[in-house]
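Undergrad: Please find one structure pasted underneath; my questions will follow.
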Amino acid sequence: MNEVTIFRTTAWSPGPGCHGGCGLELYVKDGRLVKVEGDDEHPYNRGRLCPRALALTQYVYHPDRFLYPMKRVGERGEGKFERISWDQALDMVEERFSKIKDTYGAEAVIFAQGTGRDIGGPISFLCYSFGSPNWVQLGLAGHSCYTPRLAAMMFTHGDYAVLDAGQFVPEGMDDPEYEPPEVIVVWAQNPAAGCQDGFYGHWVSDCMKKGSKLVVIDPRWTWFSSRAEKFLQLRPGTDAALALGMLNVIISEGLYDKDFVDTWCLGFEELAARAAEYPLERVSQITWVPAEDIAEAARLYAKAKPAAIQWGVPIDMGPSGTTIAQAIAHLWSITGNLDVPGGQVIARAAFDVTTYPFSTQELHSLYGEEFVKRMNEKRIGAAEFKLLKNFRGWGQPDRAVEQMLSGDPYPIKACWIQTTNMLGGQAADTKMHYQALLNMDFNVVVDCFPNPTTMAVADLILPAASIAEKESLRSWWSPLQVMMSAVTVGECRSDWEINLELAKRFNPELRKRFDTVKDLIDDRLKPSGYTFDELKDGHWKFPEKDTPTRPYRRYEKGLLRPDKKPGFRTPSGKIELYSTSFEEFDMDPLPFFTEPPESEVRTPQLAEKYPLVMVTGRRSPVYFHSEHRQIPWLRECDPDPTVEIHPQTAQELGISEGEWVVIHNERGRIKRKARVTPIVHPRVVSVPHGWWLPETQGTEPNLYGIWDINCNILVNIGPGDDSGYGGGPYKTALVAVKKLSQGEE
Ligand SMILES: Nc1nc2c(c(=O)[nH]1)N[C@H]1C(S)=C(S)[C@@H](COP(=O)(O)OP(=O)(O)OC[C@H]3O[C@@H](n4cnc5c(=O)[nH]c(N)nc54)[C@H](O)[C@@H]3O)O[C@H]1N2
Ligand SMILES: Nc1nc2c(c(=O)[nH]1)N[C@H]1C(S)=C(S)[C@@H](COP(=O)(O)OP(=O)(O)OC[C@H]3O[C@@H](n4cnc5c(=O)[nH]c(N)nc54)[C@H](O)[C@@H]3O)O[C@H]1N2
Ligand code: SF4
Ligand SMILES: [Mo]
Numbered sequence: 029m030n031e032v033t034i035f036r037t038t039a040w041s042p043g044p045g046c047h048g049g050c051g052l053e054l055y056v057k058d059g060r061l062v063k064v065e066g067d068d069e070h071p072y073n074r075g076r077l078c079p080r081a082l083a084l085t086q087y088v089y090h091p092d093r094f095l096y097p098m099k100r101v102g103e104r105g106e107g108k109f110e111r112i113s114w115d116q117a118l119d120m121v122e123e124r125f126s127k128i129k130d131t132y133g134a135e136a137v138i139f140a141q142g143t144g145r146d147i148g149g150p151i152s153f154l155c156y157s158f159g160s161p162n163w164v165q166l167g168l169a170g171h172s173c174y175t176p177r178l179a180a181m182m183f184t185h186g187d188y189a190v191l192d193a194g195q196f197v198p199e200g201m202d203d204p205e206y207e208p209p210e211v212i213v214v215w216a217q218n219p220a221a222g223c224q225d226g227f228y229g230h231w232v233s234d235c236m237k238k239g240s241k242l243v244v245i246d247p248r249w250t251w252f253s254s255r256a257e258k259f260l261q262l263r264p265g266t267d268a269a270l271a272l273g274m275l276n277v278i279i280s281e282g283l284y285d286k287d288f289v290d291t292w293c294l295g296f297e298e299l300a301a302r303a304a305e306y307p308l309e310r311v312s313q314i315t316w317v318p319a320e321d322i323a324e325a326a327r328l329y330a331k332a333k334p335a336a337i338q339w340g341v342p343i344d345m346g347p348s349g350t351t352i353a354q355a356i357a358h359l360w361s362i363t364g365n366l367d368v369p370g371g372q373v374i375a376r377a378a379f380d381v382t383t384y385p386f387s388t389q390e391l392h393s394l395y396g397e398e399f400v401k402r403m404n405e406k407r408i409g410a411a412e413f414k415l416l417k418n419f420r421g422w423g424q425p426d427r428a429v430e431q432m433l434s435g436d437p438y439p440i441k442a443c444w445i446q447t448t449n450m451l452g453g454q455a456a457d458t459k460m461h462y463q464a465l466l467n468m469d470f471n472v473v474v475d476c477f478p479n480p481t482t483m484a485v486a487d488l489i490l491p492a493a494s495i496a497e498k499e500s501l502r503s504w505w506s507p508l509q510v511m512m513s514a515v516t517v518g519e520c521r522s523d524w525e526i527n528l529e530l531a532k533r534f535n536p537e538l539r540k541r542f543d544t545v546k547d548l549i550d551d552r553l554k555p556s557g558y559t560f561d562e563l564k565d566g567h568w569k570f571p572e573k574d575t576p577t578r579p580y581r582r583y584e585k586g587l588l589r590p591d592k593k594p595g596f597r598t599p600s601g602k603i604e605l606y607s608t609s610f611e612e613f614d615m616d617p618l619p620f621f622t623e624p625p626e627s628e629v630r631t632p633q634l635a636e637k638y639p640l641v642m643v644t645g646r647r648s649p650v651y652f653h654s655e656h657r658q659i660p661w662l663r664e665c666d667p668d669p670t671v672e673i674h675p676q677t678a679q680e681l682g683i684s685e686g687e688w689v690v691i692h693n694e695r696g697r698i699k700r701k702a703r704v705t706p707i708v709h710p711r712v713v714s715v716p717h718g719w720w721l722p723e724t725q726g727t728e729p730n731l732y733g734i735w736d737i738n739c740n741i742l743v744n745i746g747p748g749d750d751s752g753y754g755g756g757p758y759k760t761a762l763v764a765v766k767k768l769s770q771g772e773e
């Protein structure tokens, strides 16, 4: 009876929230999760684990967790909910959503998700089974996480690419084909804190142990910048100018890979002409980085063979995220570092198993071109933004929130909120989203824990299972693996389980195809030839050599294009430095720099009043966005909502370490605890996001303290440029900081 069973599974959220795919060993005794360890044999993490995974027992059995479906019985915000059965809850969703569909059309329901995790599959499945085109990462202004980078690469070279740390081959860095990058540019990312976008952060330090040298581009010192050959402490939001300046150096000094460019690239001359518009004096003035440092960084990168860039979300968060990403991607293209060992390796979902559609190709293969076309007719933002219409299948978040308030061009009546705490972290302009959600007739939240969003707007709460309690799949990127359920908690159900059941109610045809979640997972797994049962218990799989989802140099072997010819998956078959697709969409085919929406240059008067640039959202290793604030082991490591401020700036403002201060701009004010530290640029303050205080009153008007501490009150929405991607000033809002006056504590 007292035996321990070990479940070998993988992580992809919920709890511990992450983009990573670590191998986990879940120790279960008497039906209870008692311990979590890293799987030593797992190629992803090789036994290592982050604090969030190590604290999983505290997450799974936390007393605050939702254990049963609950419907609201008091007013919104009063916190009065009543336990109901799953049947009652699902009946309620079916009835309310169907009524809205009959009266206003399916498009009147928005399906809102947060970041990656494993939610994309279940939520798009439910949204499309119901018939709504409005699957949205609601609140994330300009879809400014990952999508701009994805879009830039898909339209430039037809595929996503990522630093090669040996993650696509079973033997990892010991694989005979592999060699580590000679130089790594860590650009707008802190890999150690985040395991971002399917990339295990410590792979960068693993490469360093194998000799990789670093260039770091960040307004703030990190563990990596303190160990770099070159650290460029740039002005936030000026990355496009920096990249164009580096391209200029590389091209004018002849440091690019001429053979590769001649054979595989389109539009080099045009790019060279564009880059020439960015001489280093100009770039230095824009970026605050000395010209010589930019030149040296460019030379270090271009002369190294191989070299790779590891980049982060601040690139997406500029108003023209797509073009910034395009400029950076051109660096690895013209230096011949694409899909070579230790370079920028093309990342495809293992065996082309689509968990959720990352690209147009995947969208079409899952749902068919006709369906996608039909969805586009009503999808929010698709008529306005051509790139949006031709990519990924997500509605435009800024237009969505505006439409929730205005009802124009058609009314939005309900919101399905699954894996996002909009009011606690995801949404820019918190108040606007709060009002928009209150404007809905019916809001359903599927979550594990109470939070400001559930408290303020939920009419129905459905309890979600954690990673230890669910079956799911993961192919982002290699290896292909599945998650196994090790324990049960209350009546919690997985997102797949909930959404499959509802999808069948809205589309009874599905009953013939899928009885259980496993049937659905097996269906998704079909391209691999494996089944759930073959992959469980830690039987992850890598694709074979010389197949489209395994490196290297696939463009030479005809493995990337649907017509099987050599080249890339672009209209011309070449790497389009000059994007013919962007040209077709009336966008600039070449990368360019624009000033952040508010800055010393674009809005000098505002900058006089609010002289500091607020960079929000640097990741904390113990939190995932707004998650984990209630987990004791984790909260102890990072207890307070802080603002990092340079000693010189703090002195000028009379602020000392540990003191509570006010950060304010035209949009509002918040309070934070000052951390006086030289790691930030003197003209920049760094403010972590996702803060709410679960230990305080959750009901209105306090809502766990968000109106006092959520930094997104100071950030407005706004799609950036013609792409519809790239958002509000999450990393570039202008603010002033002052001491708290008496009575404000
Ligand atoms: N100021 C500022 N704001 C930012 C950012 C920034 O840099 N600065 N970053 C932005 C970015 S890049 C992103 S992607 C967004 C992310 O924003 P979100 O993805 O919305 O992240 P969370 O705030 O953690 O909200 C996730 C919620 O889902 C629940 N949850 C977690 N896993 C699951 C699951 O598997 N199933 C279900 N049903 N529920 C689950 C959690 O309990 C939590 O309440 O935030 C954005 N917000
Ligand atoms: N532990 C943990 N891991 C996470 C998350 C989490 O909340 N917690 N969130 C996940 C999600 S959804 C995402 S999108 C990723 C994001 O993770 P990252 O991509 O690493 O993003 P940030 O932490 O916002 O910023 C990374 C670095 O960029 C710097 N930076 C800020 N603005 C700029 C700029 O304009 N230019 C440049 N060059 N640098 C800038 C910051 O100072 C910071 O050091 O992390 C994922 N992983
Ligand atoms: S880094 Fe992410 S995937 Fe790895 S253990 Fe932590 S939460 Fe899980
Ligand atoms: Mo993100």
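Its first residue numbered 29, the sequence shown is counted upward by one per residue in the numbering used here. Just so it is clear, CB atoms sit at the ideal spot from N, CA and C, and this is done for glycine as well.
Between the C-alpha atoms of residue 527 and residue 491, what's the straight-line distance to the nearest angstrom?
TA: Mapped onto the sequence shown, residue 527 falls at position 499. Mapped onto the sequence shown, residue 491 falls at position 463. C-alpha separation (whole angstroms): 12 Å.
Undergrad: Residue 673 by DSSP, collapsed to three states: which one?
TA: Walking along the sequence shown from the start, residue 673 turns up at place 645. The answer is strand: DSSP assigns residue 673 an E or B state.
Undergrad: Answer yes if the segment 106-122 comes into contact with the segment 338-354, meaning at least three C-beta pairs across the two stretches below 8 Å, and no otherwise.
TA: In short, these stretches do not touch, since the Cβ pair count stays below three.
Undergrad: What are the uninterrupted segments assigned as beta strand (DSSP E) that are 3 or more residues long and contained completely in the segment 508-534, given in chain order?
TA: 509-511, all fully within the segment 508-534.
Undergrad: Is residue 629 near ligand 4, in the sense that its beta carbon is under 8 Å from a heavy atom of that ligand?
TA: Translated into positions along the sequence shown, residue 629 becomes position 601. No, ligand 4 has no heavy atom inside 8 Å of this Cβ.
Undergrad: So, at 6 Å on beta carbons, what are the nonlocal neighbours of residue 775 in its own chain, with the 5 sequence-adjacent residues on each side left out?
TA: In this structure the chain extends from 29 to 773, so residue 775 is not present and cannot be described.
Undergrad: Could you please go through the chain and list the residues whose beta-carbon is closer than 5 Å to any non-hydrogen atom of ligand 3?
TA: So the residues near ligand 3 by this Cβ test are 39, 44, 46, 48, 50, 77, 78, 80, 81, 223.
Undergrad: Please state if the CB of residue 644 and the CB of residue 747 are separated by a distance shorter than 9 Å.
TA: As a first step, residue 747 must be located in the sequence shown, where it is residue number 719. As a first step, residue 644 must be located in the sequence shown, where it is residue number 616. No, Cβ-Cβ distance for residue 747 and residue 644 is not below 9 Å.
Undergrad: Does the Cβ of residue 301 have 16 or more other Cβ atoms within 10 Å, making it buried, or fewer, making it exposed?
TA: Here residue 301 refers to the residue found at position 273 of the sequence shown. Per the 10 Å Cβ criterion, exposed.
Undergrad: Using DSSP with H/G/I as helix, E/B as strand and the rest coil, what is residue 493?
TA: Along the sequence shown, one-based indexing puts residue 493 at 465. Coil, per DSSP.
Undergrad: For residue 505 versus residue 51, is the C-beta distance shorter than 9 Å?
TA: Counting from one through the sequence shown, the residue named residue 505 turns up at place 477. Counting from one through the sequence shown, the residue named residue 51 turns up at place 23. Cβ distance not < 9 Å, so residue 505 and residue 51 don't count as in contact.
Undergrad: Do residue 192 and residue 368 have their C-beta atoms within less than 9 Å of each other?
TA: Position 164 of the sequence shown, counted from the start, is the residue given in the question as residue 192. Position 340 of the sequence shown, counted from the start, is the residue given in the question as residue 368. Yes; because the gap between Cβ atoms is below 9 Å, this pair is in contact.
Undergrad: How is residue 774 classed by DSSP in three states: helix, strand or coil?
TA: This structure cannot settle anything about residue 774, because the visible part of the chain is limited to 29 through 773.
Undergrad: In the DSSP output, what is residue 444 paired with across the bridge?
TA: Counting from one through the sequence shown, the residue named residue 444 turns up at place 416. According to DSSP, which records beta bridges pairwise, residue 444 is partnered with 139, 472.
Undergrad: When you compare each of 215, 445, 386, 435 to residue 418 by their alpha carbons, which one comes out closest?
TA: In the sequence shown, residue 418 corresponds to position 390, counting from 1. The shortest Cα separation from residue 418 among 215, 445, 386, 435 belongs to 386.
Undergrad: Considering residue 55, what are the terminal residues of the beta strand (DSSP E) in which it resides?
TA: Taking the sequence shown and counting its residues from 1, one reaches residue 55 at position 27. Element bounds for residue 55: 51-57.
Undergrad: Quick check on residue 596: does DSSP put it in helix, strand or coil?
TA: Position 568 of the sequence shown holds residue 596. Coil at residue 596, not helix or strand.
Undergrad: Closer than 8 Å to a non-hydrogen atom of ligand 5 - does that hold for the CB of residue 652?
TA: This structure does not include ligand 5; its bound ligands are ligand 1, ligand 2, ligand 3 and ligand 4.
Undergrad: Cβ-heavy atom distance between residue 571 and ligand 2 below 8 Å?
TA: Within the sequence shown, the letter at position 543 stands for residue 571. False, no ligand heavy atom lies under 8 Å from that Cβ.
Undergrad: Using only CA atoms, which one of 194, 204, 375 lies nearest to residue 188?
TA: Taking the first residue of the sequence shown as position 1, residue 188 is located at position 160. When each option's Cα is compared against that of residue 188, the closest is 375.
Undergrad: Tell me the DSSP secondary structure of residue 642 in three-state form.
TA: As a working mapping, residue 642 is identified with position 614 in the sequence shown. If DSSP states are grouped into helix, strand and coil, residue 642 belongs with the strands.
Undergrad: Exposed or buried, which one is residue 580 when buried takes at least 16 other CB atoms within 10 Å?
TA: Your numbering for residue 580 matches position 552 in the sequence shown. Buried.
Undergrad: Can you name, in chain order, every residue of its own chain whose Cβ lies under 7 Å from the Cβ of residue 33, other than the five neighbours on each side?
TA: The sequence position of residue 33 within the sequence shown is 5, counting from 1. Answer for residue 33: 56, listed in chain order.
Undergrad: If you count every other CB in all the chains shown that lies within 10 Å of the CB of residue 130, and 16 or more means buried, which is it?
TA: Counting from 1 along the sequence shown, the entry for residue 130 is found at position 102. It is exposed - the Cβ of residue 130 has fewer than 16 other Cβ atoms within 10 Å.
Undergrad: Helix, strand or coil: how does DSSP classify residue 276 here?
TA: In the sequence shown, counting from the first residue as 1, residue 276 sits at position 248. Three-state DSSP puts residue 276 in a helix.
Undergrad: What are the partner residues of residue 352, as DSSP defines its beta bridges?
TA: Counted from its first residue, the sequence shown places residue 352 at position 324. Looking at the DSSP assignment, residue 352 forms no beta bridge with any residue, so it has no partner.
Undergrad: For residue 666, which option in 676, 677, 654 has the closest C-alpha, if you only look at C-alpha atoms?
TA: Walking along the sequence shown from the start, residue 666 turns up at place 638. That would be 654, whose Cα lies nearest to the Cα of residue 666.
Undergrad: Who are the Cβ neighbours of residue 157 in its own chain at under 7 Å, not counting the five residues just before and after it?
TA: For the purposes of this step, residue 157 is identified with residue 129 of the sequence shown, where counting begins at 1. So the list reads 531, 534, 535, 538, once near-sequence residues are dropped.
Undergrad: So which of 321, 230, 762 has the shortest CA-CA distance to residue 626?
TA: For the purposes of this step, residue 626 is taken as the residue at position 598 of the sequence shown. The residue with the shortest Cα to Cα distance from residue 626 is 762.
Undergrad: At which residues does the alpha helix (DSSP H) containing residue 148 begin and terminate?
TA: Along the sequence shown, one-based indexing puts residue 148 at 120. Its alpha helix (DSSP H) spans residues 148-158.
Undergrad: Among all the DSSP beta bridges, which residues are the ones paired with residue 335?
TA: As a position in the sequence shown, residue 335 is number 307, starting the count at 1. For residue 335, which the question treats as bridged, DSSP gives the partners 211.
Undergrad: Return the first residue and the last residue of the alpha helix (DSSP H) that residue 416 is part of.
TA: Counting from 1 along the sequence shown, the entry for residue 416 is found at position 388. Taken as a continuous stretch (DSSP letters only), the alpha helix (DSSP H) holding residue 416 covers 414-417.
Undergrad: For the candidate residues 652, 500, 441, whose alpha-carbon lies nearest to that of residue 127?
TA: As a first step, residue 127 must be located in the sequence shown, where it is residue number 99. Per the Cα distances, 441.
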